[in-house]
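Novice: These protein sequence lines map, in sequence, to chains A, B and C. For reference, each letter of the first sequence is one residue, going 1 to 105 in full-length UniProt numbering. For reference, each letter of the second sequence is one residue, going 1 to 536 in full-length UniProt numbering. For reference, each letter of the third sequence is one residue, going 1 to 839 in full-length UniProt numbering.
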Amino acid sequence: MSDSKYITLVSGDGFEFVVLREAALVSPTIKGMLRSPFVEAQTGRCTFPEFNAIILEKVVDYFHYWHRNQDKEDVPDMEIPVEMCLELLMAANYFNLDAKPTPRD
Amino acid sequence: MADEPTLPTLPPPLPVGDRKKRRRNLDSPPTQSSASSDPAFFSSDDDPALDNYHHNGRRKKRYVGTWFNQQPASSDSAMGEESLPSYPPPRRNRPPQPQKREFRRQLDSGVWMGTEGSLTDTDDSFDLEPAAAKFPVASPRTKVLVSAPPTFSPQELAAQRIARTCVERGTEQVDLSSLSLETVSPEVVKLISEISPIPTVTRDVAFEQRDPEIQLYLSQNLFRSFPTAILNLEHLTLLSLRANNLDQIPPAIGKLTNLEALNLGQNFIRVFPGEMLNLLHRGSKLRNLGFQPNRFWQPDTTIATADTIATTTARSDEYDNLTYPNRPTTKLESSWSGMTTKIHSRSAVQFMDGTHQTLSRFALPDIPGARGAPIELESLTSLAVPKEFAPKIRQSTTPTNKAFNPKGARSLFELALRAGITSPQVEEVRAWALHAEDAPRHFSPVVERAVKIHREGGVRCAVCGRDTLIPMAQWVEFRRIGRTTITVDADGKEVEKFTELGGAGEELPVPFLMVGCSWSCIPAKLEKEVDVKGTT
Amino acid sequence: MASRPNKIRPIRRPIMSKDSNEFTPCWEILKNALTDIHNKNASQLSFEHLYRASYKIVMKKKGELLYNHVKAFEEQWFRHHVLPPIAELVSANLISIALLQVPGSSAHERRETGERFLRGIRSTWEDHNTSMNMVADILMYLERTYVSESRQPSIFAATIGLFRDHILRNDLGGSSEQLDQRFLIFDILNAVVLDLINMERDGDIIDRNLLRQITSMLEALYETDDELENTKLYLTVFEPRFLSASQGFYKAECEKLLREGNASAWLRHTQRRLREEQDRCDTSLSILTTDKIASVVEQELIVAKLNDFLAMEGSGMKNMIDHDHHEDLSILYQLICRVDKTKNALKTILQSRVMDLGLEIEQTLKNTDFSAPAPGADAEDAAEGEEKAKVQPLSAAAQQTAAAIKWVDDVLQLKDKFDNLSKICFNEDLVLQSAVTKSFSEFINMFSRSSEFVSLFIDDSLKRGLKGKSDEDVEVVLQKAIILLRYLADRDLFERYHQKHLARRLLHSKSEIHIEKELVRRMRAELGNHFTLKFEGMFKDMELSKDLLESYRDHVRNLGDPDTKKIDLGIHVLTTNNWPPEVMGRSASQEEGDRGDCIFPPAIQRLQASFSKYYLDDRNGRVLTFVASAGTADVKCAFPKIPGKTSGPLSKDRRYELNVSTYGMIVLDLFNNGELEDDERLSFEDIQTKTNIPTQDLIRTLGSLSIPPRSRVLVKEPMSKSVKPTDKFGFNAQFVSKTIKIKAPVISGTSKVEDVEQRKETERKNDQTRAHVVDAAIVRIMKQRKELSHTQLTTEVISQLAGRFKPEISMIKKRIEDLLTREYLERIDGDIAAYRYLA
């Protein structure tokens, strides 16, 4: 299970998102989650009780957007609905998606 | 067969889109009928509105406003989508661009249009924290209150009067100096933007509208911050802000590429924005630049070594070519002379992360603030980078992080921030970052900086040219300002001559604040200079 | 108002989070998790849950509290759960083995105890490292916000550092009574590791993997929690100790090798040690150390006693060179390349070896007896040599030629040897190659007769050998000649010899012209145009003469003059400057005063006149001189039958064809029919008066005609083996030969080594020429520079003439003085050592 190509992200309201593992690893949080021998790494299933499906979906969109474009240049910006910006700022914070490299990565 | 006369081939079938257009044109009245060949009959023929009788049978445009300040009424203009609209000059031979209606906060009304709806709105799960609800008294607004009073101040009225006179007379010189102005209101800017010069009419020559050449004198006023509204005056050829209280210049000044003369002397400026170099490279139009005296940062030349200061033009050009490979080089058709700069020295690079936290040992002083100690210089042949990231910065060939790949995908954080900052509800975002209980502590400075950057017209990465709200690196370049004369000889070969202003190094070089959007967008490291004397 | 779609939605309350946001419950969660992690029970924990707990704490701005709590927890855990088992490992036995070096403990015992201790450390470290990685992951948000803002050491650095502070730097309360001073566990660790390494050096098998894990642990730990790159414990503590211990080890080993006194063994041993240490760094230690330990080994095993090893009697470098120990030399070269880019030690020995062997060749030459029966016909042995040359001219000449050839062969062999060394052992190192070349040219030029010998070698090879030889053989000879030529400094001297030898070969058709030309072509390529100018002129003369002769014969035929009956003329017209003066007969006239030309027989004189007329007909202004000393003649002699003899060859008329020198022909003509009675004798003086042949030549000519039995057409009275001016000569009517064609040995036809007199003569002439060349050079330089100091002038002259010869300073000085008196130059006033050119 742990070396499957996909992992499942579960929102607080019970929606499941199947994500390319490689894409999800852009988030240091998820990387840490799958690196250590915790439950998530064994099951390939990560639950985020504090995020609803709408936000998590956007985060997943971002994972794929990033993965698609990771080696490209002049990447067009991803659409972010204005009304979600605060929640996405918080999600970016939680998932450590703020272009702040960690030395241990 | 080949010799036999054949019918001419049929024209290829038109693309679907074209056919549609055609059908629409057929529906409209014949074009000839609307454009009479008769001479102008009414005196109102000069009215620009007439130009809006379009030949293709579109609806007539309606106009609103006073007769002197007419603009097309747009049926569905978005609510102040741009905080700083631009004002292209009116042209007689084409209709004015549909102008978006501007929405400004009229503070006397007590209602801010942007938030009006949200306050009454209940269906969209709006439950702001109490702190957020308090935001109308948040500090940033006090400034706005001063700069845009409900009733026009006498100074403002005087300025408007002068501007209006200029519009009426078609005078391109707008002298607003010594009016004790503290800002330039959008009204005045709009007026100035409407100035169109009286065309020179020569017999038998169809007169031609030329672009206006606006000369704006704002010297000896009381500006404490740069009047950003004037940045939209595309056709400004002269701008004087001499003798004011400015302490910084917005990066967007780089947009005023038509400037031929610029005077910023007698202010309190610490550092010029790197974008100003846009006006100071070969092929640009600037001929005169006043920049002294000011309170510029000084380079700390006490520890200077041979590699710290570029003493030769060649060395300086090498630095520019290596660091800014993407800068467009203008192919000169003929000789050219204008203002340019040469690198003198630079500070170390201040590296920041995506949350605007400095990671490097070196950090620049805060920009408003004391003049402070001289800026420590770094050798042009070395480059100090934060140790844990050094390997990644040096070999950024596999960039998977925005920090190392300037043109790659932005971080989710920056995308969300951008969405919020560029929306009309920017104040809401600010207030939330500043006060909300659940906002992380480090959000506020990032948001504040992003708002400032956005308000001043955006910051472009000096190296790769991408705009950014979260600069990841910054450094100061001290540059010698001077005049370059390039003569092109018969063979198309260019001979270049650089003369520093103020003679032989009397004036200290001028600081420019350079911004990089990623950790790869940093100065180039030069090779150690070969000691020529040593070899002979 | 209708809701607009782009209104910012505020942060929602978490949907189903029932967890409290307060610090204490969150910390409780984390604390339990930390315990589980240490107990390896983490697989039941949810990362998200723990991450969120720490996230919440930080969001509540309690980051600092959490940081300190975690640190405190880990310290406590360390004290209670990690340290005790480690302390147990540190037994008294271990201490005595590791730190006290108590004798008597066997290597096996030491290894067992040491490895047990290291394994204990390793497993503790691995557990700790894994746990701390997991903890750091959970606390990632703390790390990224609070820690980086507050510029604290990261939580990982702080907790991983506990291992350093509590284990490595633990002194166990100074528990041992055996030691006076306190010691740390780190000291034991180092001692054990070093001991294991020494065991491996002595040939034991140790657990390399274990060592590698221990050293990578030291690489992951830093002096402080700031984790500066150069403060890794491996670099600050272990490596210095390792290097100094290794230094001691190799110092001792070097002494031992020196005592054993075998350079070859030393080379191999050093090479092996270097490989081993490299290997050790790759597998057991760290690649950070590779270069440093290599330089320790290099310093201790190579540099320290390098010269002692090289000079070792019987196995040192001299021995290696002499016995072609190529493998040893290759190793030596590689080792020296590591420590000394200039390779001075190697260079010096190589050079002195070349010199010694070169001088040895000369010595052998001196001691070798080339004329087995006749003693003392030595090239170097002055007085005696001359004596012998007279008595036994042929034999002596042959001996000396043999000596020359041996010398050349030996030199070439020596060169081959060193070329081989360079190719096989020294990687064709340019520094060494040029050093060897320098030594070669040095010893070759120290040998005063090298120029002559080289020319002789060429002469011998071309004259004797080449006929019937394949192109490859020719090629080899040519190449050898050129190689030697390169070394010669006095090239003008060689030029002189070669000119002489070439002239003889050409005039007597002793060699193949195309090979001669090829050789000269190569000389030109090697030494330049001016060097071969004369040789080429000689070739040209030969060709022109051939054509000339053809046309002359046609001319004679056309004249239809029957008078020239039996005499067939072959002639070479030689341009004076291109040919050696000896050949042109000038040397003879110098020696004996102007005696005029010899007197040709009338028949010949007619012929000469006829040719001169033809030649000068269309070549006005030239002077044609007939050089009798350089020609040969085929003379047909008729010996009438001896009356009274009825049987045997003497009983009938005999006709022989005698091949003699021109002088011989002239002499024989005197004895021609009709002028002398059968048994009339002519005295030496008579002959000389009648022919006007120079004395030396006449002696030689008469000798060849009257002494060797095979060509004794004249009888000499008294019979002896040498010709004296008092001798008388007569026609040997009883001459008999088995062959029709008889060759009278022509002395001047063989090139031989000069005797001392001749040599002095050659040198004198050469010096004369040199004087002119130096004069010319000085004038040329001064004309251009107008004024020069003495030293500058000398330097310029030497550099200008370098391609031809190395002028002696004294000679230059003499020439300058000469030019001063001849008023080409003048001294500049007040400055003795400077000159001005006088136009």
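Backbone N, C-alpha and C fix where the C-beta goes; we use that ideal spot for every residue, glycine too.
1) In whole angstroms, what is the alpha-carbon distance linking residue 770 of chain C and residue 809 of chain C?
2) Under 8 Å by Cβ, that's how I've got residue 660 of chain C and residue 635 of chain C pegged, so tell me the actual separation to the nearest angstrom.
3) Using only alpha-carbon positions, find the residue among B/175, B/231 and B/277 that is nearest to residue 343 of chain B.
4) Taking a contact to mean a Cβ-Cβ separation below 8 Å, would you say residue 181 of chain B touches residue 155 of chain B in this structure?
5) Could you give the DSSP three-state label for residue 450 of chain B: helix, strand or coil?
6) Note down, one range per segment and in chain order, each alpha helix (DSSP H) of at least 4 residues found wholly within the segment 472 to 519 of chain C.
7) Which class does residue 66 of chain A belong to by DSSP, given the choice of helix, strand or coil?
8) Rounded to a whole number of angstroms, what is the C-alpha to C-alpha distance between residue 152 of chain A and residue 141 of chain C?
9) Considering Cα atoms alone, identify which of C/600, C/801, C/500 and C/343 is closest to residue 579 of chain C.
10) Can you tell me where the alpha helix (DSSP H) with residue 378 of chain B in it begins and where it stops?
11) Can you check the segment 273 to 333 of chain B for any beta strand (DSSP E) of at least 3 residues that lies completely inside it and give the ranges in chain order?
12) Between residue 310 of chain B and residue 497 of chain B, what straight-line distance do the alpha-carbon atoms span, to the nearest angstrom?
13) Taking the C-alpha atoms as reference points, what is the distance between residue 763 of chain C and residue 365 of chain C?
14) Below 8 Å on the Cβ atoms is my contact criterion, and I expect residue 274 of chain B with residue 451 of chain B to pass it. Report the Cβ-Cβ distance as a whole number of Å.
15) Give the interface partners of residue 357 of chain B over in chain C, defined as CB-CB distance under 7 Å, in chain order.
16) Does residue 312 of chain C pass the burial test, meaning 16 or more other C-beta atoms within 10 Å, or should it be called exposed?
17) Does the CB of residue 42 of chain C have a neighbour CB from chain A at under 8 Å?
18) Pull the bridge partners of residue 336 of chain B from the DSSP assignment, please.
19) Out of C/785, C/691, C/53 and C/728, which one is the CA nearest neighbour of residue 707 of chain C?
20) Quick one: Cα of residue 250 of chain C to Cα of residue 38 of chain C, how far?
21) So the candidates are B/280, B/487 and B/445; which of them puts its Cα closest to the Cα of residue 339 of chain B?
22) Are the Cβ atoms of residue 664 of chain C and residue 701 of chain C separated by less than 8 Å?
23) Could you pull out every residue in the same chain whose Cβ sits closer than 7 Å to the Cβ of residue 426 of chain C, ignoring the five residues on either side in sequence?
24) Using 8 Å as the cut-off, can you tell me whether the segment 206 to 226 of chain C makes contact with the segment 121 to 130 of chain C, which would need three or more C-beta pairs spanning the two stretches below that distance?
25) Which chain A residues are close to residue 217 of chain C, counting only those with a beta carbon under 8 Å from its beta carbon?
26) Cβ of residue 741 of chain C within 8 Å of Cβ of residue 657 of chain C?
27) Please determine, among C/452, C/419 and C/448, the residue with the shortest C-alpha to C-alpha distance to residue 437 of chain C.
28) In terms of residue numbering, what span does the beta strand (DSSP E) encompassing residue 730 of chain C cover?
29) Any C-beta of chain B sitting closer than 8 Å to the C-beta of residue 70 of chain A?
30) Along the chain, where does the alpha helix (DSSP H) containing residue 409 of chain B start, and where does it finish?
31) Hey, how far is the Cα of residue 223 of chain C from the Cα of residue 285 of chain C?
32) List the residues that DSSP assigns as beta-bridge partners of residue 474 of chain B.
33) When you check each C-beta in the segment 34 to 62 of chain C against every C-beta of chain B, which residues fall closer than 9 Å?
34) Under a CB-based cut-off of 8 Å, is residue 8 of chain A close to chain C?
35) So the candidates are C/268, C/126, C/46 and C/325; which of them puts its Cα closest to the Cα of residue 335 of chain C?
36) Looking at residue 231 of chain B and residue 252 of chain B, is the spacing between their C-beta atoms short of 8 Å?
Specialist: In short, the structure shows the following:
1) Here residue 770 of chain C refers to the residue found at position 770 when the third sequence is read from its first residue. Here residue 809 of chain C refers to the residue found at position 809 when the third sequence is read from its first residue. Taking the straight line joining both Cα atoms gives about 13 Å.
2) Here residue 660 of chain C refers to the residue found at position 660 when the third sequence is read from its first residue. Here residue 635 of chain C refers to the residue found at position 635 when the third sequence is read from its first residue. 6 Å between Cβ atoms; contact.
3) Here residue 343 of chain B corresponds to residue number 343 of the second sequence, with the count starting at 1. It is B/277 whose Cα lies nearest to the Cα of residue 343 of chain B.
4) As a first step, residue 181 of chain B must be located in the second sequence, where it is residue number 181. As a first step, residue 155 of chain B must be located in the second sequence, where it is residue number 155. Contact flag set, yes.
5) For this step, residue 450 of chain B is matched to residue 450 along the second sequence. Looking at residue 450 of chain B - three-state DSSP - the assignment turns out to be helix.
6) 491 to 507
7) On the first sequence, position 66 is the one that residue 66 of chain A refers to. Residue state, collapsed to three classes: helix.
8) Given a span of 1 to 105 for chain A in the structure shown, any question on residue 152 of chain A remains unanswerable.
9) Here residue 579 of chain C is taken as the residue at index 579 of the third sequence, counted from 1. Of the candidates C/600, C/801, C/500 and C/343, the one whose C-alpha sits nearest the C-alpha of residue 579 of chain C is C/500.
10) Against the second sequence, residue 378 of chain B aligns to sequence position 378. Looking at the DSSP string, residue 378 of chain B is not in any alpha helix (DSSP H); the run it does join, the beta strand (DSSP E), is 375 to 378.
11) 288 to 290
12) Numbered from 1 along the second sequence, position 310 holds the residue referred to as residue 310 of chain B. Numbered from 1 along the second sequence, position 497 holds the residue referred to as residue 497 of chain B. Near 17 Å, if we compare the C-alpha coordinates of residue 497 of chain B and residue 310 of chain B.
13) One-based indexing of the third sequence puts residue 763 of chain C at position 763. One-based indexing of the third sequence puts residue 365 of chain C at position 365. Straight-line Cα distance between these residues: approximately 22 Å.
14) Translated into the one-based positions of the second sequence, residue 274 of chain B becomes position 274. Translated into the one-based positions of the second sequence, residue 451 of chain B becomes position 451. In fact, because the Cβ distance is near 20 Å, the residues do not count as touching under 8 Å.
15) What you label residue 357 of chain B is simply residue 357 of the second sequence in a count that begins at 1. Per Cβ cutoff of 7 Å: 148 and 149.
16) Mapped onto the third sequence, residue 312 of chain C falls at position 312. Buried, since its Cβ has 16 or more Cβ neighbours within 10 Å.
17) On the third sequence, residue 42 of chain C is found 42 positions in, with the first residue counted as 1. It does: the Cβ of residue 42 of chain C has a partner Cβ on chain A nearer than 8 Å.
18) Indexing the second sequence from 1 puts residue 336 of chain B at position 336. Its beta-bridge partners are B/486.
19) Here residue 707 of chain C refers to the residue found at position 707 when the third sequence is read from its first residue. Checking every option, the nearest Cα to that of residue 707 of chain C belongs to C/728.
20) Counting from 1 along the third sequence, the entry for residue 250 of chain C is found at position 250. Counting from 1 along the third sequence, the entry for residue 38 of chain C is found at position 38. Their backbone Cα atoms lie some 45 Å apart in a straight line.
21) Stepping through the second sequence from its first residue, residue 339 of chain B is reached at position 339. Looking at the Cα atoms, B/280 is the closest of the given residues.
22) Position 664 of the third sequence, counted from the first residue, corresponds to residue 664 of chain C. Position 701 of the third sequence, counted from the first residue, corresponds to residue 701 of chain C. For residue 664 of chain C and residue 701 of chain C, yes; Cβs fall inside 8 Å.
23) Reading the third sequence from its first residue, position 426 is the one you call residue 426 of chain C. Answer for residue 426 of chain C: 333 and 432, listed in chain order.
24) yes
25) Here residue 217 of chain C refers to the residue found at position 217 when the third sequence is read from its first residue. Result: empty, since nearest Cβ-Cβ is about 17 Å, beyond 8 Å.
26) Stepping through the third sequence from its first residue, residue 741 of chain C is reached at position 741. Stepping through the third sequence from its first residue, residue 657 of chain C is reached at position 657. In this structure, residue 657 of chain C lies closer than 8 Å to residue 741 of chain C by Cβ.
27) Position 437 of the third sequence, counted from the start, is the residue given in the question as residue 437 of chain C. When each option's Cα is compared against that of residue 437 of chain C, the closest is C/419.
28) Against the third sequence, residue 730 of chain C aligns to sequence position 730. Unbroken beta strand (DSSP E) run through residue 730 of chain C: 728 to 731.
29) Residue 70 of chain A sits at position 70 when you count from the first residue of the first sequence. Closer than 8 Å: yes.
30) Residue mapping note: residue 409 of chain B aligns to position 409 of the second sequence, counting from 1. Taken as a continuous stretch (DSSP letters only), residue 409 of chain B belongs to no alpha helix (DSSP H), as it is neither H nor E.
31) Counting from 1 along the third sequence, the entry for residue 223 of chain C is found at position 223. Counting from 1 along the third sequence, the entry for residue 285 of chain C is found at position 285. Computed Cα separation, rounded: 19 Å.
32) The sequence position of residue 474 of chain B within the second sequence is 474, counting from 1. Its beta-bridge partners are B/350 and B/515.
33) 58, 59 and 61
34) Indexing the first sequence from 1 puts residue 8 of chain A at position 8. No - not a single Cβ of chain C is within 8 Å of the one on residue 8 of chain A.
35) In the third sequence, counting from the first residue as 1, residue 335 of chain C sits at position 335. Among C/268, C/126, C/46 and C/325, the Cα nearest to that of residue 335 of chain C is on C/268.
36) Start at 1 with the first residue of the second sequence, and residue 252 of chain B comes out as number 252. Start at 1 with the first residue of the second sequence, and residue 231 of chain B comes out as number 231. Contact: yes.
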